[in-house]
Amino acid sequence: MSVIINILNKSLIAPFYKSHAGLLFLVFFLMFGVVESTKIKLYHESLIYGMLTSGIFLMVVLAVWLLYSLKSLHFLLKTSAEDSYQFLHHLTVLPARQTFFYFFIISFLTFLPVFIYTVFIYAIGMKDRFYEVLAIVFVFQLALWLLNAWILNYTLRNQHRPSRFTIPSLTLPFQQNLVGIYAGYLFKEEKSAVFLSKLFSIVVIYLVKETLEAGDDFRIVGIMWLFALVSHTYLINKLKVFEDQTLSWVRHLPISTTKSFAAYFILYFLFMVPEMLLLIGAINRGLSWWQLILLPLFSSGFFLAIHCHLFKPNRDPDKFVTYLFWLFLGCFMLILSKLIWISAAALLIGSFWLLRRRFYRYEQIESEP
Amino acid sequence: MLQLTDFKKAYGSRVILQIQSLNIPSGSYWIKGNNGSGKTTLMKIVAGINPFEGFVQLNSIDLVANPMAYRKQVSFAEAEPLFPGFTTGWNLIRFVQTTRKETDAGIQSLVKYFGIGNFLPYAIGTYSSGMTKKLSLLLAFIGDTKLILLDEPLITLEDVFLPSLFSLIKDRQASGTSFLLSSHQPFQQEQFKPDGKILVENQTAQFAAL
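These protein sequences, in sequence, are chains A and B.
To convert, note that position 313 of the first sequence is 313 in this note's numbering; the numbers rise steadily by one, no gaps.
All you need for this note's numbering is the position in the second sequence, starting with 1, plus 1000.
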C-alpha cells in the first residue's frame, strides 16, 4: 500500500469508522440481528430479490446509499478542514490525477461495508440475469465514489476560494447558559451532522407512526425509538470533544455537578422533541400519553449514559463501540421485557452517579483522539 | 490562604509535580519556571480544572471535599484561552456573571476597563488573539473571588493596555484579593510588585527570593 494511502487510511478512514460505530452497529443489527439465525439467508435473499424486482424498493435502497455517501463525504470534508489536518495540504504538490486517485480509494473504503453487501447482490443478480438492475447499481455506486473523490480533490486544491455551497446557519438565542451554548454548537458547527441524524431518526419514527394500528404493542415504538437514538451517538461524541476543547475552563466555575447534569438532561430531552411531536399522531394506536412522555426521558438517559461514559479517565477509545453495544443490547432487552420505564430510570440514575463520580476526576489527555 | 499538602500530579508513572507542603499566605505571587516545568498544570489544579492527588485548600476550604465553596473563591485566566467561536463575548460574560452572581454595574465597569465593548456583540471566532486574551482576563475578574490565577497574562496583549491591567490588579489587591501570576519575563517594578516568588522546577514548587 502506498505511504500516502496508508496515512489517509489512518487519519481519515479509521476516525470515520470510530465516529460512525453507532450507526454501523445499528445497520448491522437491523440486517443480521432481527431475524432468527436459521432464516437469515432467506431474509437477505428476499431483500435482494425485492430490490432486483421492484423499482420503488431499488430507489429506496439507492437513496439510503446516497445518504450514507453524503454522511461519509461530510465527515471527510469536515475532518480534513481541521487545523490538525493541515498536513493534507502537502498533497497539492502531487498531480491532480494522482490525488484524485487517492481520494477515490478513500471514498471506496468508506463505502466498503455497503460494497461487501453489494457483492452478494451481484452474485444473486447474475445468477438470475438481472443485468439491467446490476448495471444501475454498478453505475450508481461508481458515480458516488467518483463524485466524492472529485469534491474532496477540488476542496483540497481550492481551499483559498470561498465555498460555493453552504448550508444556512441557525444562530440560536439564549446562549448565556450551558444548554444554550451546547445547542448553539450543534446548530452552528455540526449542522450537517444534525440534519443527517435527524433525517434518519425522523424517517424511522415516521414509518413506525404510519404503520401502527390500534391495539399494537408499545414495544414496537420503543424498539424503533431505540434505533432512532443510535443515529445521534456521533453528535454526543462531537459534543464531548467540543466540551474538552473549548469549555474546559468552565470547570473552574462554581457550577455543581447536579446543575451540569440538569443541563445535559435538558439538552438531550430537547434532542428528541421533534420525534416526540411526530408520534402524537400515533396516540391510542399502540401508544399512550404516558408512554409518549416516557420516550424522551428514556432517550435522555440513553444519551447521558453515553456522555457520562466519555468522562471516564484514561478511557480506551477503541472500547467505545463495545460499551455502545452492551448499552444498546441492555436497553433492547429491557424494552422487549416491557421494562422501558425501569431502563429510563436506571439510565438516568446511573448516569447521574457516573457524572458525580467522574466529573472532577476527568482530564482530557492530549494523546486521546 | 492557599495550602497544598501531600500534593502529587502524575500522568501514569511520569510525575509532573510533587509537593509535600506549601503554604502561600494572602498576597500576590509570581509563579516562575521554565517551559514544561508544570506552572500551568499547577495553576489549573489550583483553579479546580484538573484532577490531582492530595489536598488543596483555600482559606481552609478543601477543593475536593467542598468543590462549590472552593470554586466560589477562585477564578482563572488561561495563557492561550480557547472559547467557542460561534458565540459572542457578551454571551460568555453573562454566563459567568450568572454563575458568579456579579452585578450589571460590576460588568459594565470591567468592560470599560478592558475597552472591548465594541467587540462583545460579535462571534468570538472573529476576535484577534489579543481580544480573546482580554476577554479571558475579563472573565477572570468577574465576581468577588478571593484568589485570581492569571497564566501568562502579559502575552499577546499590547503594551498600552498593561497599565490598565495592573491598575485593575491593584484595585482588587486593595479589596483583599490575592493573585498568582505566571510569567516568563519579570514584571516592571512600577507596574506590579509581587509579595513573593514561587519557583516551579524539578517537579516541585517552593518559595524563592525575588
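The C-beta atom is built at its ideal place from N, Cα and C for all residues, glycine as well.
Computed from a predicted model, the values in this text were never measured in an experiment.
Range covered by the beta strand (DSSP E) that runs through residue i
i, result
"Ala-1208 of chain B", "1204-1208"
"Ser-1178 of chain B", "1178-1182"
"Ser-1147 of chain B", "It should be pointed out that residue 1147 of chain B corresponds to Leu in this sequence rather than to Ser. Residues 1147-1151."
Opposing strand residues paired with residue i [DSSP bridges]
i, result
"Gln-1003 of chain B", "B:Asn-1023, B:Gln-1057"
"Ile-1031 of chain B", "B:Ser-1182, B:Ile-1198"
"Thr-1088 of chain B", "B:Ala-1123"
"Val-1074 of chain B", "B:Leu-1147"
Where residue i falls: helix, strand or coil (DSSP)
i, result
"Gln-1018 of chain B", "strand"
"Lys-39 of chain A", "helix"
"Pro-369 of chain A", "Note that Pro-369 of chain A has pLDDT 33, beneath the 50 cutoff, so the model's placement of it is unreliable and the number below is only indicative. Looking at Pro-369 of chain A - three-state DSSP - the assignment turns out to be coil, as it is neither helix nor strand."
"Val-1200 of chain B", "strand"
"Tyr-1011 of chain B", "strand"
"Ala-1079 of chain B", "coil"
"Asp-216 of chain A", "coil"
"Val-273 of chain A", "helix"
"Val-93 of chain A", "helix"
"Val-1064 of chain B", "coil"
"Asn-1118 of chain B", "coil"
"Gln-175 of chain A", "coil"
"Ile-13 of chain A", "helix"
"Asp-1171 of chain B", "helix"
"Arg-361 of chain A", "helix"
"Arg-1094 of chain B", "helix"
"Arg-251 of chain A", "helix"
"Pro-82 of chain A", "The question names Pro, but residue 82 of chain A in the sequence shown is Glu. Of the three classes helix, strand and coil, the one that applies to Glu-82 of chain A here is coil, per DSSP."
"Gly-180 of chain A", "helix"
Beta-carbon neighbours of residue i, restricted to chain A and to distances below 7 Å
i, result
"Asn-1091 of chain B", "Gln-175, Gln-176"
"Arg-1071 of chain B", "His-252, Leu-253, Pro-254"
"Glu-1078 of chain B", "Trp-249"
Interface partners of residue i on chain B, CB under 9 Å
i, result
"Glu-189 of chain A", "Pro-1084, Gly-1085, Phe-1086"
"Ser-256 of chain A", "Pro-1067, Met-1068"
Chain-ordered chain B contacts of residue i [CB-CB under 7 Å]
i, result
"Thr-79 of chain A", "In chain order: nothing, as chain B lies at least about 17 Å away."
"Ser-248 of chain A", "Ile-1049"
"Gln-245 of chain A", "Leu-1082"
"Tyr-185 of chain A", "Pro-1084, Phe-1086"
Continuous alpha helix (DSSP H) stretch holding residue i: start and end
i, result
"Phe-302 of chain A", "289-309"
"Met-333 of chain A", "320-336"
"Gln-245 of chain A", "233-246"
"Ile-5 of chain A", "3-8"
"Leu-23 of chain A", "21-32"
"Ser-54 of chain A", "No alpha helix (DSSP H) contains Ser-54 of chain A, which DSSP labels as neither H nor E."
"Thr-1103 of chain B", "First-last for Thr-1103 of chain B: undefined, no H or E at that position."
"Glu-210 of chain A", "191-211"
"Lys-312 of chain A", "From DSSP, Lys-312 of chain A is part of no alpha helix (DSSP H); its letter is neither H nor E."
"Arg-356 of chain A", "340-358"
"Ile-151 of chain A", "131-157"
"Pro-113 of chain A", "112-127"
"Ala-1140 of chain B", "1129-1141"
"Thr-1156 of chain B", "Looking at the DSSP string, Thr-1156 of chain B is not in any alpha helix (DSSP H), and its letter there is neither H nor E."
"Leu-88 of chain A", "Counting along the chain, Leu-88 of chain A falls outside any alpha helix (DSSP H), and DSSP gives it neither H nor E."
"Ala-1047 of chain B", "1039-1047"
Beta-carbon proximity of residue i to residue j, cut-off 8 Å
i, j, result
"Phe-1086 of chain B", "Gly-180 of chain A", "no"
"Trp-225 of chain A", "Leu-336 of chain A", "no"
"Ala-1077 of chain B", "Leu-1137 of chain B", "yes"
"Leu-207 of chain A", "Ala-282 of chain A", "no"
"Leu-324 of chain A", "Thr-233 of chain A", "yes"
"Leu-1157 of chain B", "Gly-1125 of chain B", "no"
"Phe-87 of chain A", "Asn-153 of chain A", "no"
"Glu-190 of chain A", "Leu-235 of chain A", "yes"
"Ile-1049 of chain B", "Arg-357 of chain A", "no"
"Ser-270 of chain A", "Leu-279 of chain A", "The sequence given here places Leu at residue 270 of chain A; Ser does not occur at that position. No. Outside cutoff."
"Leu-52 of chain A", "Val-119 of chain A", "no"
"Gln-176 of chain A", "Asn-1091 of chain B", "yes"
"Ser-260 of chain A", "Ser-231 of chain A", "no"
"Leu-1246 of chain B", "Gln-1188 of chain B", "There is simply no residue 1246 of chain B to check, as chain B begins at 1001 and stops at 1210 in what is shown."
Amino acids of chain A, ordered along the chain, whose beta-carbon sits closer than 9 Å to that of residue i
i, result
"Pro-1051 of chain B", "Pro-313, Tyr-360, Arg-361, Tyr-362, Glu-363"
"Phe-1266 of chain B", "Beyond the ends of chain B as shown, which are 1001 and 1210, falls residue 1266 of chain B; an answer cannot be given."
Contacts of residue i in chain A (Cβ-Cβ under 8 Å)
i, result
"Thr-1098 of chain B", "Gln-176, Asn-177"
"Val-1216 of chain B", "Residue 1216 of chain B is absent from the structure shown; chain B starts at 1001 and stops at 1210."
CB contact check: residue i to chain C, cutoff 8 Å
i, result
"Glu-1102 of chain B", "The question asks about chain C, but that chain is absent: this structure's protein chains are A and B."
Residues that residue i contacts on chain B, provided the C-beta gap is smaller than 8 Å
i, result
"Gln-86 of chain A", "The premise fails here: Gln-86 of chain A is roughly 17 Å from chain B at the closest Cβ pair, so nothing lies under 8 Å."
Any non-hydrogen atom of the ligand GDP closer than 7 Å to residue i Cβ
i, result
"Ser-197 of chain A", "Judged by which ligands are present, the structure shown has none, so any question about the ligand GDP falls away."
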